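Visitor: Numbering (the UniProt record's numbering), first residue to last: 1 to 318. Sharing a structure below in structure tokens format, with a few things to ask.
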Amino acid sequence: MMGFKKIFKVENQNSEYKFSRNDIKSSQLGKGITGSVDLYQSKTLPHFQYAVKTYHTKDIHESKKDYKTRVLYEYLILSKLSHCNIIKIYDYDVSFSGSTIKLFLELGTANLNQLIIKQTNTFNINEMLCIWKQITNAVNYLHELDICHRDLKLENVVFDVNYKLIKVIDFATAQKLNNNELSRGLVGSESYTAPETYSSIQYDGKSSDVWSLGIILCYLINKKQPWKSAMWSNSDYQQFINQDNFSQEPYFVDFPVESLLLTSQILEQDPLRRIKINDFFSDKWFSLIQYCGCGVAGGGIYNKTCGIDHGKSFRVKT
């Protein structure tokens, strides 16, 4: 980790820890369109690990200033957030040449999508609903701050084995909305993307997030996507749109009967009629979902659990 301009600090539960160029790069955690993420091990604190996201070098026609502004947008958003279901960011580093930018992040132990794929004969719908509600709580928090994520998918959710909580990651395409500002551009992953993002130049980013939450719920319950893309050219999506009775749609047979009303409101094709995330909490079925989480009450921090040992279920070692 060469070219540090400053030393970054993070509050560790044992002591204040300083990132060091002597820390060890253990492995690559992932690689995507915007960059790669690597696992680092502290040289001085044996049990402290963290993630470093390195952005790809700037576009050929992009100035260093524009590159820095674009890349650090993720840092600026994450640095304002504090929620137990959202990954923490510690700081960032710009290389001396200005061509490489790194973000220093809390380590999410395991990618949720990979964990679910590996599960065999251990499906527990209550566990899946706990996971979904944790993700929903994170997105509700974002929307209260007028932030939309715009790339919600299981690949952007990790399981933190230390706290036994789900955490949303990757805010590279997130957007802070001002004065009911609309979002632009086709971002996100095809199977999770709302239909209006394909058909409109501008769209409601929050409503698009709600749709993505619906697709996540579908995958958690059925372990497969309902359709490849929410476009008329897709026969599965076309069948869904043309059905007269949501509850009779074959894909939703395994859904709890009590969940079908809310699910239909989430997967409403018209974004103007689609339910807003804060209205989830008025739904009786949703309010009864047991979930793991944390919060602040009576001047102290509290933790709650759904009663399921997710670490054991996912076979993740502490």
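Note that beta-carbon positions come from the ideal geometry of N, C-alpha and C, so glycine has one too. As the structure is a prediction and not an experimental result, all values here were calculated from the model.
Are Y92 and L103 touching if we call contact CB-CB under 7 Å?
Guide: Their beta carbons are under 7 Å apart, which means Y92 touches L103 by this criterion.
Visitor: Quick check on E150: buried or exposed, where buried means 16 or more other Cβ atoms within 10 Å of its Cβ?
Guide: What sits at residue 150 in the sequence shown is Arg, not Glu. Counting Cβ neighbours within 10 Å, R150 comes out buried, since at least 16 surround it.
Visitor: Would E196 be called buried (16 or more neighbouring beta carbons within 10 Å of its own) or exposed?
Guide: With 16 or more Cβ atoms within 10 Å of its Cβ, E196 is classed as buried.
Visitor: Where does L217 sit, in a helix, a strand or coil, going by DSSP?
Guide: Residue state, collapsed to three classes: helix.
Visitor: Would you mind sorting L220 into buried or exposed? The rule is 16 or more other CB atoms within 10 Å of its CB.
Guide: Its Cβ being crowded by 16 or more others within 10 Å, L220 is buried.
Visitor: Pick out whichever of I77, N111, I117 and Y163 has its Cα sitting closest to the Cα of L145.
Guide: Taking only the C-alpha atoms, the option nearest L145 is I77.
Visitor: Of the choices I33, K153, E190 and L142, whose alpha-carbon is the least far from that of I131?
Guide: When only C-alpha atoms are compared, the closest one is K153.
Visitor: Taking buried to mean at least 16 other C-beta atoms within 10 Å of its own C-beta, is V210 buried or exposed?
Guide: Result: buried.
Visitor: Can you give me the C-alpha to C-alpha distance between A174 and G98, rounded to a whole angstrom?
Guide: Distance between the alpha carbons of A174 and G98: 23 Å.
Visitor: Closer than 6 Å by C-beta to I289: which residues in its own chain qualify, once you throw out the five before and the five after it? Chain order, please.
Guide: Contacts found: L129 and K133.
Visitor: Roughly how many angstroms separate the alpha carbons of L267 and D254, rounded to a whole number?
Guide: If you take the alpha carbons of L267 and D254, they lie about 16 Å apart.
Visitor: Report whether the distance from the Cβ of T54 to the nearest heavy atom of the ligand FAD is below 6 Å.
Guide: Only the bare structure without any ligand can be found here, which leaves the ligand FAD out of the picture.
Visitor: According to DSSP, simplified to helix, strand and coil, what is N113?
Guide: Note: N113 maps to helix in three-state DSSP.
Visitor: So L29 packs on D38, CB below 8 Å; how close in whole Å?
Guide: The Cβ separation is near 6 Å, so the contact holds.
Visitor: Between S229 and the rest of its own chain, which residues show a CB-CB distance below 8 Å, the 5 nearest in sequence each way excluded?
Guide: The residues are E190, S191, T193, Y198 and Y237.
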